[in-house]
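Trainee: Numbers in this note's numbering are just positions in the sequence shown, counted from 1, shifted up by 649. Heads up, the beta-carbon is just placed ideally off N, CA and C, and yes, glycines get one too. First the structure, then my questions, so here it is.
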Amino acid sequence: MSLPYQEYGNLQAPLVVFVHGGGVGGWMWDRQIRHFRNYHVVVPELNCAENASAFSIAGSAKRLIALIEEKRQNKPVIAIGFSLGAQVVVSAIGQKPDLVDYAMLNSALVKPLPFKNTIAKSSALFQPLVQNKTFSKLQAKSLYIGDSYFEAYYRDSCRMKKRELFRMLKENMSFILPENFKYAQADILVTVGEKERGVMKASMTEILKSNPNCRGIVFPDVGHGISLAKPELFNRVIERWLADRMFPEQVIVLND
């Protein structure tokens, strides 16, 4: 089954593929879609890619590869993923190291969590609580999802069943770097929020060590969800990175 997707912008321009995180949808990239309207923008929907109870990062990556190969038409390709979406991009690059020219990995967990099965099962048990809008609004706030996107978040959250959430969380918390990621030929930008958990920062370090084409930046004073928390800064970072491999002074560059 192919990845469903939305398509925007200038179909003759370089291809930018935005891959959303778990528990959200392509709508999370709304501000990027509008900002990068001069590019050929493709936004796949991971949640609809396959039977969600059988979701796998590797399977989604195979579908992402097929989508990029269908749309690239000898153009430069930029893949940008957040959280679970960043893991899918990593997996795709591991499967096909020459897939993209640029890859931006935002908050990609690559160090498996201890007790991941227990955590995933516990989280799945609380899934019915998302029907409660007060609870959902607290969850949305932690991801920097404002009022204008809450209904989309609430809709997607309510659709997910306990078994589906368990599968997605287990995949997320078990993920490790593919062996062939070290051969990736892309210019790779790895990012993390300053307020994210230590395991996310350790994952960033792991990725940076794994491939000489990687560079790392930290977004100050933000947790998990930079593209939603500070979309203007996020967009400027992408622009500068693609234009001259430089970055705005508001971010912390780790390995220059």
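In the DSSP assignment, find the unbroken beta strand (DSSP E) run with residue 693 in it and report its ends.
Mentor: Its beta strand (DSSP E) spans residues 689-693.
Trainee: Answer with buried or exposed for residue 845, where buried requires no fewer than 16 other C-beta atoms within 10 angstroms of its C-beta.
Mentor: Buried, since its Cβ has 16 or more Cβ neighbours within 10 Å.
Trainee: Which residue marks the beginning of the alpha helix (DSSP H) containing residue 805, and which one marks its end?
Mentor: Note, residue 805: alpha helix (DSSP H), 796-808.
Trainee: One question on the structure: do residue 658 and residue 733 come within less than 8 Å of each other, judged by their Cβ atoms?
Mentor: For residue 658 and residue 733, no; Cβs fall outside 8 Å.
Trainee: Going straight from the alpha carbon of residue 725 to that of residue 861, what length do you get?
Mentor: Looking at the two C-alpha atoms, the distance is approximately 20 Å.
Trainee: Take the Cβ of residue 832 as the centre, count every other Cβ of all protein chains shown within 10 Å, and call the residue buried at 16 or more, exposed below.
Mentor: With fewer than 16 Cβ atoms within 10 Å of its Cβ, residue 832 is classed as exposed.
Trainee: Counting along the chain, where does the beta strand (DSSP E) carrying residue 675 start and finish?
Mentor: Residue 675 -> no beta strand (DSSP E), and no H or E assigned at all.
Trainee: Residues in the same chain with beta-carbon distance under 8 Å from residue 882, minus the five sequence neighbours each way, listed in chain order, please.
Mentor: If we look at residue 882 and ignore the five residues flanking it on each side, its Cβ neighbours are 868, 875, 897, 899, 900.
Trainee: What residue range does the beta strand (DSSP E) around residue 731 cover?
Mentor: Unbroken beta strand (DSSP E) run through residue 731: 726-731.
Trainee: Alpha carbon to alpha carbon, how far is residue 629 from residue 712?
Mentor: No answer is possible for residue 629: the residues shown for the chain start at 650 and end at 905.
Trainee: If we call anything under 8 Å between Cβ atoms a contact, is residue 749 one with residue 830?
Mentor: No, the pair does not count as a contact, with Cβ atoms beyond the cut-off.
Trainee: The alpha helix (DSSP H) with residue 864 in it runs from where to where?
Mentor: First-last for residue 864: 863-868, but that is the beta strand (DSSP E), not the alpha helix (DSSP H).
Trainee: Would you mind working out which of 826, 676, 799 sits nearest residue 746, comparing C-alpha positions?
Mentor: Checked all of 826, 676, 799; the closest Cα to residue 746 is 826.
Trainee: Can you find the residues in the same chain that come closer than 8 Å, C-beta to C-beta, to residue 892, ignoring five residues on each side of it along the sequence?
Mentor: Closer than 8 Å at Cβ, skipping near neighbours: no residue.
Trainee: Exposed or buried, which one is residue 840 when buried takes at least 16 other CB atoms within 10 Å?
Mentor: Buried: at least 16 other Cβ atoms inside 10 Å.
Trainee: Given this structure, state the Cα-to-Cα distance separating residue 674 from residue 736, to the nearest angstrom.
Mentor: Going by the C-alpha atoms only, they are around 15 Å apart.
Trainee: Using CA atoms only, rank isn't needed, just tell me which of 849, 703, 682 is closest to residue 754.
Mentor: When only C-alpha atoms are compared, the closest one is 849.
Trainee: Taking the C-alpha atoms as reference points, what is the distance between residue 653 and residue 668?
Mentor: Distance between the alpha carbons of residue 653 and residue 668: 12 Å.
Trainee: Starting from residue 883, trace the alpha helix (DSSP H) both ways and give me its first and last residue.
Mentor: 880-893 is the extent of the alpha helix (DSSP H) around residue 883.
Trainee: Counting C-beta neighbours from all protein chains within 10 Å, is the total for residue 715 16 or more, i.e. buried, or is it exposed?
Mentor: Burial call: exposed.
Trainee: Can you tell which of 834, 679, 672 has its C-alpha closest to the C-alpha of residue 884?
Mentor: Of the candidates 834, 679, 672, the one whose C-alpha sits nearest the C-alpha of residue 884 is 679.
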